[in-house]
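Below is one structure, written out as structure tokens, with a few remarks after it.
There are 2 protein chains.
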Amino acid sequence: MKKISTTKISLFVILILALVALGACGGGAPTPSSDLGEDASAIADARGLTPDDVTAALKTYIPTGQHDEYIMFSSGGHSGQLAVIGMPSMRLLKLVGVFTPEPWQGWGYGASEIMEVLDAGNVNGKQVRWGDTHHPALSETAGDYDGQFVFINDKANARVAVIDLHDFETKQILKNPIAVNDHGGTMVTPNTDWVIEGGQYAAPLGWEYASLDDYADKYRGMVTFWKFDREQGRLNYEQSFAMELPPYWQDLCDAGKLVSEGWVFCNSFNTEMATGGVEKGNQAFEAGVSQRDMDYLHIINLDKAVEVAASGNTIEVNGFKVITIETSIAEGLLYFAPEPKSPHGVDVAPKGDYLVISGKLDPHVTVYSFEKIQAAISKGGFETDDYGIPILGFDDIVEVQIEIGLGPLHTQFDDKGYAYTSLFLDSAVARWSMGGAYADLNPEPDWTPVSKVPVHYNVGHIAAAEGDTVSPDGKYLVSLNKWAVDRFQNVGPLLPQNFQLVDIGATGDTLKVLYDMPIGFGEPHYAQIIKADKLQPWEIYPEVGWNPHTNSVDEFAVAQGEEKIVRDGNNVEVFMTAVRSHFTPEHVEIQKGDHVVWHITNVERTYDATHGFALPGYNINLSIEPGESITFEFDADQDGVFSYYCSEFCSALHLEMVGYLLIAP
Amino acid sequence: MKKISTTKISLFVILILALVALGACGGGAPTPSSDLGEDASAIADARGLTPDDVTAALKTYIPTGQHDEYIMFSSGGHSGQLAVIGMPSMRLLKLVGVFTPEPWQGWGYGASEIMEVLDAGNVNGKQVRWGDTHHPALSETAGDYDGQFVFINDKANARVAVIDLHDFETKQILKNPIAVNDHGGTMVTPNTDWVIEGGQYAAPLGWEYASLDDYADKYRGMVTFWKFDREQGRLNYEQSFAMELPPYWQDLCDAGKLVSEGWVFCNSFNTEMATGGVEKGNQAFEAGVSQRDMDYLHIINLDKAVEVAASGNTIEVNGFKVITIETSIAEGLLYFAPEPKSPHGVDVAPKGDYLVISGKLDPHVTVYSFEKIQAAISKGGFETDDYGIPILGFDDIVEVQIEIGLGPLHTQFDDKGYAYTSLFLDSAVARWSMGGAYADLNPEPDWTPVSKVPVHYNVGHIAAAEGDTVSPDGKYLVSLNKWAVDRFQNVGPLLPQNFQLVDIGATGDTLKVLYDMPIGFGEPHYAQIIKADKLQPWEIYPEVGWNPHTNSVDEFAVAQGEEKIVRDGNNVEVFMTAVRSHFTPEHVEIQKGDHVVWHITNVERTYDATHGFALPGYNINLSIEPGESITFEFDADQDGVFSYYCSEFCSALHLEMVGYLLIAP
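Going down the list, the protein sequences come from chains G and W. The working numbering applies: residue -1 is where the first sequence begins, and numbers increase by one. The working numbering applies: residue -1 is where the second sequence begins, and numbers increase by one.
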């Protein structure tokens, strides 16, 4: 959209009036523009809004009761959670508890099945109750988001989680059995058969100890392929496997699609195998890992690796199947290709035909041709790295390099044959045109920088609407900016991030920032954006007594009229219902020393009629949605009078929804 | 604002053109309205925005880099946190960790001083790591918010917290030593000398056990007055005290101001002393507590109570000073007044002259005159309740009752002599005119309903800009709606709340909803709204090595060049610095079985240059803001190789900000 100044408009008006005066007097009135309300201009004036601001306001405002067109699933970074955000309004619809307990949604505050999910993520038997969520991946069918599940990784502790989009609840957390931490996850293959978890900082596999002096011999990288069982909605541990990799620090991965389906690509840095130790006079990591001009793109034949893993040609590390480097070489599962140093991410183009990589210390994006990669593999005659892994020739497989700016990190795609690359150091997002099968979708010459839009500030990842699918939507892109600095009212030395919504709807030099969304609840790393109408969540649970973790009516579900308290020695079992606005029973009388198992069924069938259950002093809070049945248990190790109550404001008589737990000494 | 239809505008345009044609041809062009951009109308058309929508969009949009005019501090409900929200944009600027650990801000994931704050909130020695935050209270000077501190309570476990607005960090959590849970907190007196924490569900004081058969004798209500030391920024436990109250369920409180300064008002429900037990054939609580037409407004002479507490005329419960009911009666500290049953909140008018109470099962608001209350107290000759507490005559002290609608809950005030009352059952906010000293501020007759605006849905509290001060601002009001139902894209059976921003800028029947903000991270109960320019938070900590919990340079702060690792037997002490983009040292080599004390100073002086510190497997994540020094400690009880890294994306070389903790077996 071009700006037209007030003066130009005035001239235009004068011109029209002049035409009217010059003979058109008495002619038909021009059709007025749509009704903006009598004081729109006055408000814009009073608030100092520019025409661009007005455009942005009108493009992002969602009137009450209308819904956003897109939903963004964003990692929460080291909050350990997942954020659900409406677009274009950029409103936070939900923070989903994943690795970190969160009491509003009753995540990790007593409910037995939830405690089991969290405990499955324990690390060497230790409760680890946070995560560094990095890359959410929506489940896909034929390369398109299908709105059923979302996966996410915990970089800090090498874990992956499965969130079911029927109820936006985390159903599974798995600890990677061989790695300390991860980074290149999660990504999915085009039909969600496999969830990818790539490594990061090398360490001995299986949490073993080894001196840094033995780095080359004993430290290793890895990539793990988790088998997803869509029917069960769970990752299948037994059918999953990992590949041992050299102790380069693997970074992001992406799955091939369409022509490249069955292949997986991961990049890496620190192929120098620097081990730091600045305090000993060694090069600091930041310098040591940046010495060589090239690192290695890892090209993995996943289809073949699956066969090898199934054939049993693996070793076991902590009971988990691992394909060794030797086997990968012998079976042709793994190839390397030089890539400009220290890239952050490899991004597969919508048709699966190109891979885009940006060395973050190089002002270019480098585009690799999958066809050329296949030709190079077929041709053979490779050099190898120190571990014997074949290296393809850079010139044999690169399609083009395009200079786009400083600190390029991550690339997304649209429906108009453009790619977008974030520029951390330039604080900008660059649009560039693609060639090949994308050439006719926009007017620009092939493989050419088109425009840049400044963002505020220091963008990491970017996310385009349906941007990781085989058919990106265009229209919107979000710039996930790491620093906010002056963008928002100061709220203390820890600042929010800044998500900026960018209009990418038109071709050419037309990128515009529409909205700044402060992120004051985490440090999101990546996001995926889905068309909202693909999501079909439940409004209430399908049946009364539903257990969201078995997806069936719970054996301990309580029907109204069947509430009771059963004692067996020191074991007390409570069967309770919740409905607006009372719990039944209202008195639970037990003895100090009892072990209590407590079942509550919310018998409501009304949308939004959630009940909470708060128990003072015992660190228990539940969120029981309509139809849900929950069990929790505890040892009554302190006596006294404890008023349990509904912690959701459920009705006008919500404060009266209370009962007494009496624990006699 | 009136709507003008397109037709009317067309006629207007025709009229103008007709005038032009009829002789004014060639005259001066009319001045166009302010420039809204060439395609504003087209966008509005395409998006189906009504003129009211356009107005709302333009009134709430904040262009990039500009700041919000107001900041709302909202409780997070059973998330246990505090939300900081910009207005009018309704963007979430920060979720402040209070009762619940939150790893993005490093709240409760290792940092020793933070663990101490959380542990001070343990309940009978048990870690309780969530809260049900209800009522935030901004610190006040002379009855106006001063932007220095905010207080908040945990209803579930009867705790209060102090958040310092220099760095928006929680500095203190205190467990109420006599109560199981609370509700009527926090509120502050006009100079923040006292922070009020009122009770809720009666129980034996001091967490004792007693049968419900002994309810009238052994169960008690309470109100606690926490002495605030503004210099230290902490509540002073020793100077604080509580008042024993009958086992009516005390609800919200408010402090007197100006003419009523020195007095405190709390209301109550369940003066029936119903004890529930629906499963035994008793009346359920929801019915049992609603039998009488009247409950009791508690009128407390705080100034006098302070004197009594200081004089030592108290008992001790769990080592905490408590004024008995007997003493309160004897000293004239406590009076009751009938109030329509089961009210939610007593709200003191800006001049301190009236109290507004709404029985939630009564369609009226009831306005009490403080002058009349004083006259009634002076007059004497009281009836008493069963506990001997004097009851003032309803007719003697009520100024007026106004019928406003169904389910009235909470009242706020503006600068135009209006009060606003939320109507839970009507799903509306009512504006009504006040009389007395406020009568001339608006054109309406005194004490009259003026208008209602529908809200979506089921509003609990409302918050007006500076609405609890002696000089409310008007302009904006937020309706804290408990149910969202269809307002937002469905994100599963647990729905967000809905904060609706209401324009209250003009007099008369002009209330308009401007914006819907989904709250998908908690269940806020109450909020206060401050003019943003009253806040003066730090951008970075004042000096390098700053300890935010002592507000001084820490004795273990580490300067660059002075990093070291010191061993003393099995005790290892690490002195580390963090700067873009490396930790020094990068290797920490210890033995299994060591106890490790680890100090990290972020030596940055750049705004927004926060570093995180993540340690896999040990449940540790820190957020170290520029200048901050943090200590954490742990037992190295598992061996292996642990890559610690910066969990904030601090620079282009952020991924390289890493080191190895090697724990030899």
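Cβ coordinates follow ideal geometry from the N, Cα and C atoms, glycine included.
Check, Outcome
"W:GLY78 and W:VAL96 - do their beta-carbons sit closer together than 8 angstroms?", "yes"
"Can you tell which of G:ALA109, G:GLY46, G:ASP180 has its C-alpha closest to the C-alpha of G:GLU631?", "G:ALA109"
"Under 9 angstroms between beta-carbons, which chain W residues line up against G:VAL572? List them in chain order, please.", "Chain W residues near G:VAL572: none, gap ~11 angstroms exceeds 9 angstroms."
"W:HIS597 to G:ALA435, Cα distance in whole Å?", "56 angstroms"
"In whole angstroms, what separates the C-alpha of G:VAL115 from that of W:ALA118?", "29 angstroms"
"Give the interface partners of G:GLN125 over in chain W, defined as CB-CB distance under 7 angstroms, in chain order.", "ASN617"
"Determine, using beta carbons only, whether G:SER627 comes closer than 8 angstroms to chain W.", "no"
"What is the DSSP secondary structure of G:LEU34, reduced to helix, strand or coil?", "coil"
"Could I get the ranges of all uninterrupted alpha helix (DSSP H) runs contained in the region 258 to 315 of chain W, with 4 residues as the minimum, in chain order?", "283 to 286, 300 to 309"
"Taking the Cβ atom as the reference point for each residue, do W:GLU397 and W:TYR352 lie within a distance shorter than 8 angstroms?", "yes"
"Look up G:LEU659 in the DSSP assignment and give the residues it is bridged to.", "G:VAL586, G:PHE640"
"Going by CA-CA distance only, name the one from G:SER288, G:VAL601, G:LYS414 that's closest to G:VAL468.", "G:LYS414"
"For W:LYS349, which option in W:ALA253, W:PHE283, W:SER326, W:PHE486 has the closest C-alpha, if you only look at C-alpha atoms?", "W:ALA253"
"Indicate whether at least one CB of chain W lies closer than 8 angstroms to the CB of G:ALA208.", "yes"
"Between G:ASP180, G:LYS480, G:PHE147, which lies nearest to G:GLN534 when the distance is taken from Cα to Cα?", "G:PHE147"
"Is the CB of W:HIS597 under 8 angstroms away from at least one CB in chain G?", "no"
"Please decide whether W:ASN549 counts as near chain G, where near means a Cβ-Cβ distance under 8 angstroms.", "no"
"Which two residues bound the contiguous beta strand (DSSP E) that contains W:MET185?", "180 to 186"
"At a CB-CB cut-off below 7 angstroms, which residues of chain W make contact with G:ALA612?", "HIS76, ASP130, ALA154"
"Hey, does W:ASP424 have any beta-carbon neighbour from chain G nearer than 8 angstroms?", "no"
"Please name the residue or residues paired with W:CYS648 in a DSSP beta bridge.", "Bridge partners of W:CYS648: none, in fact."
"From the DSSP secondary-structure annotation, give me the bridge partner or partners of W:PRO341.", "W:GLY357"
"Pull up the DSSP beta-bridge partners for G:PHE318, would you.", "G:VAL315"
"Does DSSP put G:GLU324 in a helix, in a strand, or in coil?", "helix"
"Count the other C-beta atoms from every protein chain shown that fall within 10 angstroms of the C-beta of W:THR139, then say buried if there are 16 or more, exposed otherwise.", "exposed"
"Please report the distance separating the alpha-carbon of W:ILE297 from that of W:TRP105.", "39 angstroms"
"Would DSSP call G:VAL115 helix, strand or coil?", "helix"
"Could you check which residue in W:TYR199, W:ASN265, W:LEU512 has the C-alpha nearest to that of W:ASP293?", "W:ASN265"
"Give the DSSP bridge partners of W:GLY518, in chain order.", "W:GLY518 pairs with nothing; no bridge assigned."
"Quick check: is the beta carbon of G:PHE486 nearer than 8 angstroms to any beta carbon in chain W?", "yes"
"Does any residue of chain G bring its CB to less than 8 angstroms from the CB of W:ASN122?", "yes"
"Using 10 angstroms around the beta-carbon of W:ARG565, count the other beta-carbons present and answer buried if the total reaches 16, otherwise exposed.", "exposed"
"Should the region 271 to 289 of chain G be regarded as contacting the region 579 to 586 of chain W, the criterion being three or more beta carbon pairs within less than 8 angstroms?", "yes"
"Spatial neighbours of G:MET655 within its chain, please: CB distance less than 7 angstroms, with the 5 preceding and 5 following residues excluded, ordered by chain position.", "SER579, HIS580, PHE581, TYR643, CYS644, CYS648"
"Any idea if G:ASP157 is buried or exposed, counting beta-carbon neighbours within 10 angstroms, 16 or more meaning buried?", "Residue identity check: residue 157 of chain G is Arg in the sequence provided, not Asp. So G:ARG157 counts as buried."
"Using a C-beta to C-beta distance shorter than 9 angstroms, which residues of chain W count as neighbours of G:GLN146?", "Result: empty, since nearest Cβ-Cβ is about 13 angstroms, beyond 9 angstroms."
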